[in-house]
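Enquirer:
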Ligand code: UN1
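Numbering (the numbering used here), first residue to last: 957 to 1471.
1) Within 8 Å, do at least three Cβ pairs link the region 1218-1235 to the region 1426-1446?
2) Find the nearest neighbour of residue 982 within the set 1022, 995, 993, 1239, judged by alpha-carbon distance.
3) Does DSSP put residue 1319 in a helix, in a strand, or in coil?
4) DSSP puts residue 1454 in a beta bridge; with which residues?
5) Between which residues of its own chain and residue 1370 is the CB-CB distance below 7 Å, once the five residues before and five after are set aside?
6) Hey, is residue 1125 close to ligand 1, as in C-beta under 7 Å from one of its heavy atoms?
7) When the distance is taken between beta carbons, is residue 1005 closer than 8 Å to residue 978?
8) Unbroken beta strand (DSSP E) runs of length 3 or more, entirely within the region 1253-1285: which are they?
9) Answer yes or no: the CB of residue 1259 versus the heavy atoms of ligand 1, is any distance below 7 Å?
10) Any chance the CB of residue 1074 is under 7 Å from a heavy atom of ligand 1?
11) Taking Cβ positions, are residue 1063 and residue 1285 nearer each other than 8 Å?
12) Since residue 1426 sits in a beta bridge, which residues does DSSP pair it with?
13) Residue 1261: buried (16+ other C-beta within 10 angstroms of its C-beta) or exposed?
14) Can you tell me which of the three DSSP states residue 1309 falls into?
15) Does the distance from the CB of residue 1162 to the CB of residue 1041 come in under 8 Å?
16) On the DSSP bridge assignment, give the partners of residue 1140 in chain order.
17) Please report how far the alpha carbon of residue 973 lies from the alpha carbon of residue 1029, in whole angstroms.
18) Could you tell me whether any non-hydrogen atom of ligand 1 is closer than 7 Å to the CB of residue 1121?
19) Is residue 1202 a contact residue of ligand 1, with contact defined as CB to any heavy atom under 7 Å?
20) Shorter than 7 Å, the distance from the beta carbon of residue 1428 to the closest heavy atom of ligand 1, or not?
21) Along the chain, which unbroken stretches of the beta strand (DSSP E) at least 3 residues long are found entirely within the region 1174-1243?
22) Is the region 1359-1374 in contact with the region 1337-1348, if contact means three or more CB pairs nearer than 8 Å?
23) Relative to the alpha-carbon of residue 1151, which residue among 1397, 1274, 970, 1108 has its alpha-carbon at the smallest distance?
24) Kindly indicate which three-state DSSP category residue 1027 falls into: helix, strand or coil?
25) By the three-class DSSP mapping on this structure, what secondary structure does residue 1350 have?
26) So, for residue 1305: in the same chain, excluding its five sequence neighbours on each side, which residues have a beta-carbon less than 8 Å away from its beta-carbon?
27) For the beta strand (DSSP E) holding residue 1342, just list the boundary residues, first then last.
28) Give the secondary structure of residue 1511 by DSSP, where H, G and I count as helix, E and B as strand, and everything else as coil.
29) For residue 1256 versus residue 1411, is the C-beta spacing smaller than 8 Å?
30) Can you find the residues in the same chain that come closer than 7 Å, C-beta to C-beta, to residue 1078, ignoring five residues on each side of it along the sequence?
31) Tell me whether residue 1453 counts as near ligand 3, meaning its Cβ is closer than 7 Å to at least one heavy atom of that ligand.
32) Excluding sequence positions up to five away, which residues of its chain have a Cβ less than 6 Å from the Cβ of residue 1020?
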């Protein structure tokens, strides 16, 4: 193992040069196949992980259920206190965990650390929530009656997370689920097992210290069969899945067929619209970060750019200058802004998409080639690309599909209405952003005839949402919300309780049933 990697693993007590347990249900184990964790920057094998076998998953589910039965009776503010300790545990290892995200996922260091910060933030949020997950009292039409709407813990929540946010998205789910009194069982992406092991190890130490069952934060690493077992299990009340539209469709159908609940956070195909009155000193860097941040591998990455014809030339000139200044580098180096893609397959996808762009005669303004020199030979480096396809038909595959790589497609418009129509004309509906100084445009954009995405920003890019707002999308992006807002309400079961404290028993709607 390179010293670049071994320092980071050692700082988090991950054993070097021996197989690492990838299952935790109160005990560390793993009797399934051995999965390799690869470094996207150098191509080296970081570790071999003992993933979950079918028997491991079944056992972990039983342990999760038992843990839930114990935990649901713990008062919510006490659950909040455990979350506060988890928050401290994460904050103490913020830099180390951030570096591991960078090592294993490939995103740059500040973004790796930023993910741990998101987990810390949502813990803070959930500590507060643990004293505020209020039901309500509804006015009854009958004298001497009250109706209460009561939130109670839900059960076991399975979190199936993606490689691109290997910590934050799990954190959003764990924190809310935990505050709500549930047990969580986590299946991370098969390509980021080490990160999930390091996070679970910190959380589990806090649970154990508080004499709580470790299976409140279970972990089952592995591939498709592990995910399928969780999704199919009647022991899982809520499945929170982040990933592709293709897999999300299968997950959604499987969960609904057993009347389970699901939260689906699937593809994004996010657009930025720049009006002629926009402040370009905000808009150009905003679009730049949205399109090339995380090397274009966020669900919220900017993939489509609609420029008003009056500012298009100037905007593109300034944007191309920024693209030209980007140098691929080791994402662990503090001054690197562009790391590798996560997998070889993503490099191939980037290439085949550019081949397709060439085949439809698109103008390639930036990128579109491989690098002559890359920081490491085995790394998955690609050039971020700006393309102007000839067609603005949003049903063409170049516009309608999410390509998980740094490719930004540009089109010019004359009227805002046209750009909003393009924004809404694709299957996905996660994030969107409008750059303008005109209040009338803002009203249109955020109103009934505006953007149909779940995230609708003004003078802020498509990516980089804070935890306080609810996060999620519409249409083929899926449904449900994570993180802030009212998202917590999905992690509880709701009861409407009518209580009669009178000496009469009147029926609702004035119904008579005298006998
Ligand atoms: C994702 O890409 O799935 O808004 C999550 C953002 C981040 C989360 C993205 N806070 O870009």
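From the three backbone atoms N, C-alpha and C, an ideal C-beta is built for every residue, glycine too.
Expert: With the structure as the only source:
1) yes
2) Within the chain shown, the letter at position 26 stands for residue 982. For the residues 1022, 995, 993, 1239, the minimum Cα distance to residue 982 belongs to 1022.
3) Residue numbering aside, residue 1319 sits at position 363 when the chain shown is read from its first letter. Residue state, collapsed to three classes: strand.
4) For this step, residue 1454 is matched to residue 498 along the chain shown. In DSSP, residue 1454 forms a bridge with 1103.
5) As a working mapping, residue 1370 is identified with position 414 in the chain shown. So the list reads 1265, once near-sequence residues are dropped.
6) In the chain shown, the residue the question calls residue 1125 occupies position 169. Yes, since a heavy atom of ligand 1 falls inside the 7 Å radius drawn around the Cβ of residue 1125.
7) Against the chain shown, residue 978 aligns to sequence position 22. Against the chain shown, residue 1005 aligns to sequence position 49. Closer than 8 Å, so yes.
8) 1258-1264
9) Here residue 1259 refers to the residue found at position 303 of the chain shown. The answer is no for residue 1259.
10) The residue given as residue 1074 occupies position 118 in the chain shown. Yes, ligand 1 has a heavy atom inside 7 Å of this Cβ.
11) Position 107 of the chain shown holds residue 1063. Position 329 of the chain shown holds residue 1285. No, they are not a contact pair.
12) Position 470 of the chain shown, counted from the start, is the residue given in the question as residue 1426. 1439.
13) The count along the chain shown starts at 1 and reaches residue 1261 at position 305. Per the 10 Å Cβ criterion, buried.
14) Taking the chain shown and counting its residues from 1, one reaches residue 1309 at position 353. Looking at residue 1309 - three-state DSSP - the assignment turns out to be helix.
15) Locating residue 1162 in the chain shown gives position 206, counting from the first residue. Locating residue 1041 in the chain shown gives position 85, counting from the first residue. Contact: yes.
16) Taking the chain shown and counting its residues from 1, the one referred to as residue 1140 is at position 184. DSSP, once it has assigned bridges, lists 1113, 1173 as partnering residue 1140.
17) Looking up residue 973 in the chain shown gives position 17. Looking up residue 1029 in the chain shown gives position 73. Approximately 42 Å, taken between the alpha carbons.
18) As a first step, residue 1121 must be located in the chain shown, where it is residue number 165. Because some heavy atom of ligand 1 lies under 7 Å away, the Cβ of residue 1121 counts as near it: yes.
19) Your numbering for residue 1202 matches position 246 in the chain shown. No; taking the cut-off as 7 Å, the Cβ of residue 1202 has no heavy atom of ligand 1 nearer than that.
20) By 1-based counting over the chain shown, the position of residue 1428 is 472. Not under cutoff, so the answer is no.
21) 1194-1198, 1217-1221, 1226-1230
22) yes
23) Numbered from its first residue, the chain shown carries residue 1151 at position 195. Comparing Cα-Cα distances from residue 1151 to each of 1397, 1274, 970, 1108, the minimum goes to 970.
24) Taking the first residue of the chain shown as position 1, residue 1027 is located at position 71. Residue 1027 falls in the helix class under three-state DSSP.
25) In the chain shown, counting from the first residue as 1, residue 1350 sits at position 394. Looking at residue 1350 - three-state DSSP - the assignment turns out to be coil, as it is neither helix nor strand.
26) In the chain shown, the residue the question calls residue 1305 occupies position 349. 1359, 1360, 1361.
27) Numbered from its first residue, the chain shown carries residue 1342 at position 386. Element bounds for residue 1342: 1341-1344.
28) The question about residue 1511 has no answer here: the residues shown for the chain are numbered 957 through 1471.
29) Position 300 of the chain shown, counted from the first residue, corresponds to residue 1256. Position 455 of the chain shown, counted from the first residue, corresponds to residue 1411. Yes, they are a contact pair.
30) Your numbering for residue 1078 matches position 122 in the chain shown. 1127, 1128, 1131, 1423, 1439.
31) Ligands present in the displayed structure are limited to ligand 1, and ligand 3 is not among them.
32) The sequence position of residue 1020 within the chain shown is 64, counting from 1. If we look at residue 1020 and ignore the five residues flanking it on each side, its Cβ neighbours are 1112, 1139, 1141, 1171, 1174.
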